[in-house]
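**Student:**
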Ligand code: 3NM
Ligand code: MG
């Protein structure tokens, strides 16, 4: 087998500790895993003496050869030389790549663990055949993991490999299992560059049936996750083309009456439910995560609004995100106050790390807090003040575009002008009325409105988000201009009226309201 042709798609790393291997025989576990579809095996044993390592490696090599799969040895070049297997895997604390290469020669496969861009760069320049990127998720399997990098960390590495046109292969490692494998593969993709595979220890070695576990994983690595089927990141229109779709989307909400499942804050529960009803959705205000699985099966969308986040609330959000991702139903995330406290910064990280979010909606500082270097930006004092005038338009556009590109989703940054993008064109919407800033919950209810639109029109979440924004903000303008509205207090009921009236007018083919779009 030529080393360029090695398939890294399902890379098994062994573990001989009783906690993971149990009382099973390592060779039998590896053979079962190979039958299931493992494509590469690394023998990793941090405890045994050299003699025992060589003996086990020999037995393993006899098995892997039968399946034409390479055997690599963790750390121990001497053991690889002794058994004449295909190569080694070295960590950052092991011997250097250059030294290993010198001992093993050009034909050997040498892989390197990397957890930072510098380590990746060094490994690529040094002639690694592949890199093991990690640690993706916290894992009890390895007790000395250094950096938990998440899916976004993996994606940054793939951006690097893509822009440097590197031929170095890549797998990721750390907490990968059947529940997250396809998500990790799909969501980490950067430009056209995907991981070559995933590396797992416990998901196979500790499985009751390693063959079944391997077969499942082998399939999942190649299957896009349920939520990916509606994502069309390539969409790009002129504004006029989006406006043409708006009536169809508003009507779709009316006809389908989709569920809008809100996990929202205590302040806006009531008005958010009323907004959902009047744009034509069917609201449920359900904050208990256990319920999400059943609710996700009803074809609606989830709103996660962390306005009054609590430790228990956060766990509920994470459960619900998982359930909606598994059902392939869309999610709107409203990172209320994301940059304001350490608790909210960390909740934002966990929520964004928990799964795929279809639409992120927030004000300037909230959106900035969702970016990978958000914390730094905030520290540098470019956080938006109450007037929201600290960034220029070009900077705002690039922040939302980069975030949407990174997350393959739609990002809405609200302000006097709202910016909406799927990572390609950035659309600006300047409708709305100042009364919206004088009553509570108007920002949160926009999230609810968007959830109704993307649930009813999942085939195009960018257009659906813009439709929601226009429906909502033009209703505010119409309400504010009414003779019976004399200020923020009378504005609220009039706003609900106008949300309702826009919907009915649209269903009847009267699109006069949409002429206000700007
Ligand atoms: N290396 P599991 S994490 C062997 O981050 C190893 O470099 C890691 O085990 C790294 O699949 C890890 O059971 C253990 O989570 C991965
Ligand atoms: Mg090592």
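Numbering (my numbering), first residue to last: -1 to 516.
Glycine included, each C-beta is placed from N, C-alpha and C at the ideal position.
#1: Would you say the beta carbon of residue 396 comes nearer than 7 Å to a heavy atom of ligand 1?
#2: According to DSSP, is residue 382 helix, strand or coil?
#3: Please indicate yes or no: does the CB of residue 180 lie closer than 7 Å to some heavy atom of ligand 1?
#4: Extract the residue ranges of the alpha helix (DSSP H) inside the stretch 45 to 125, only unbroken runs of 4 or more that lie entirely within it.
#5: Would you decide whether residue 432 is buried or exposed? Buried here means 16 or more other CB atoms lie within 10 Å of its CB.
#6: Closer than 7 Å: is that where the CB of residue 129 sits relative to any heavy atom of ligand 1?
#7: Is the CB-CB distance between residue 224 and residue 259 below 8 Å?
#8: From the DSSP secondary-structure annotation, give me the bridge partner or partners of residue 419.
#9: Taking the beta carbon of residue 29 as the centre, do at least 16 other beta carbons fall within 10 Å, making it buried, or is it exposed?
#10: Could you tell me the distance, in whole angstroms, from the CA atom of residue 117 to the CA atom of residue 455?
#11: Locate the alpha helix (DSSP H) running through residue 208, then write down its first and last residues.
#12: Within the same chain, show all residues whose beta-carbon is closer than 7 Å to that of residue 188, passing over the 5 residues directly before and after it, in chain order.
#13: Sort out for me which residues DSSP pairs residue 196 with in a bridge.
#14: Three-state secondary structure (DSSP) at residue 469?
#15: Tell me the residue span of the beta strand (DSSP E) that contains residue 257.
#16: Please state the DSSP three-state secondary structure of residue 296.
#17: Less than 7 Å between the CB of residue 74 and some heavy atom of ligand 4, yes or no?
#18: Under 8 Å, do residue 470 and residue 444 count as touching if we go by C-beta distance?
#19: By a C-beta neighbour count over all protein chains shown, 10 Å radius and 16 as the cutoff for buried, is residue 519 buried or exposed?
#20: Below 8 Å, how does it come out for the stretch 325 to 342 and the stretch 350 to 367: are there three or more Cβ pairs, yes or no?
#21: Kindly confirm or deny that the stretch 292 to 308 and the stretch 233 to 250 touch, where touching means at least three C-beta pairs closer than 8 Å.
#22: Would you give the residue range spanned by the beta strand (DSSP E) that residue 282 belongs to?
#23: From the DSSP output, read off the bridge partner residues of residue 40.
#24: Any idea what DSSP makes of residue 387, helix, strand or coil?
#25: With a CB to CB cut of under 8 Å and the five nearest residues on each side skipped, what residues in its chain are close to residue 475?
#26: Using a Cβ-Cβ cut-off of 7 Å (strictly less than) and excluding sequence neighbours within five positions of residue 385, which residues of its own chain qualify?
#27: Could you say if the stretch 38 to 55 and the stretch 10 to 28 meet the contact criterion of at least three C-beta pairs nearer than 8 Å?
#28: Using DSSP with H/G/I as helix, E/B as strand and the rest coil, what is residue 178?
#29: Look up residue 355 in the DSSP assignment and give the residues it is bridged to.
**Tutor:** This is what the structure holds:
#1: Looking up residue 396 in the chain shown gives position 398. Residue 396: no, Cβ never under 7 Å from ligand 1.
#2: In the chain shown, counting from the first residue as 1, residue 382 sits at position 384. In this prediction, residue 382 has a pLDDT of 43, which is less than 50 and means its spatial position is unreliable; nothing more can be read from the coordinates.
#3: Here the question's residue 180 lines up with position 182 in the chain shown. For ligand 1, not one heavy atom lies less than 7 Å from the Cβ of residue 180.
#4: 48 to 64, 75 to 81, 95 to 102 and 115 to 123
#5: Numbered from 1 along the chain shown, position 434 holds the residue referred to as residue 432. Classification for residue 432: exposed.
#6: Working through the chain shown from its first residue, we reach residue 129 at position 131. Answer for residue 129: no, Cβ out of range of ligand 1.
#7: On the chain shown, residue 224 is found 226 positions in, with the first residue counted as 1. On the chain shown, residue 259 is found 261 positions in, with the first residue counted as 1. No; because the gap between Cβ atoms is not below 8 Å, this pair is not in contact.
#8: To locate residue 419, count along the chain shown from 1; it is residue 421. Paired residue(s): 409 and 424.
#9: In the chain shown, residue 29 corresponds to position 31, counting from 1. When all chains shown are included, residue 29 counts as buried.
#10: Against the chain shown, residue 117 aligns to sequence position 119. Against the chain shown, residue 455 aligns to sequence position 457. Going from the Cα of residue 117 to the Cα of residue 455 covers about 43 Å.
#11: Working through the chain shown from its first residue, we reach residue 208 at position 210. Taken as a continuous stretch (DSSP letters only), the alpha helix (DSSP H) holding residue 208 covers 208 to 220.
#12: Translated into positions along the chain shown, residue 188 becomes position 190. Excluding sequence neighbours, residue 188 sits near 153, 156, 157 and 160.
#13: Within the chain shown, the letter at position 198 stands for residue 196. Answer is 8 and 170.
#14: Along the chain shown, read from residue 1 onward, the residue named residue 469 stands at position 471. Helix at residue 469.
#15: Reading the chain shown from its first residue, position 259 is the one you call residue 257. Unbroken beta strand (DSSP E) run through residue 257: 257 to 261.
#16: As a position in the chain shown, residue 296 is number 298, starting the count at 1. The answer is coil: DSSP assigns residue 296 none of H, G, I, E or B.
#17: Ligands in the displayed structure: ligand 1 and ligand 2; ligand 4 is not one of them.
#18: Translated into the one-based positions of the chain shown, residue 470 becomes position 472. Translated into the one-based positions of the chain shown, residue 444 becomes position 446. For residue 470 and residue 444, yes; Cβs fall inside 8 Å.
#19: Outside the displayed span of the chain (-1 to 516) sits residue 519, for which this structure offers no information.
#20: yes
#21: no
#22: Along the chain shown, one-based indexing puts residue 282 at 284. Secondary structure note for residue 282: its beta strand (DSSP E) is the uninterrupted segment 280 to 283.
#23: Against the chain shown, residue 40 aligns to sequence position 42. For residue 40, DSSP records a beta bridge to 11 and 70.
#24: Here residue 387 is taken as the residue at index 389 of the chain shown, counted from 1. Low confidence applies to residue 387: its pLDDT is 46, below 50, so where it sits in the model is not reliable enough to give any reading.
#25: Mapped onto the chain shown, residue 475 falls at position 477. 429, 430, 431 and 514.
#26: For the purposes of this step, residue 385 is identified with residue 387 of the chain shown, where counting begins at 1. Because residue 385 carries a pLDDT of 41, less than 50, the predicted location of this residue cannot be relied on, and no value is offered for it.
#27: yes
#28: Numbered from its first residue, the chain shown carries residue 178 at position 180. Note: residue 178 maps to coil in three-state DSSP.
#29: Within the chain shown, residue 355 is the residue found at index 357, counting from 1. DSSP lists no partner for residue 355.
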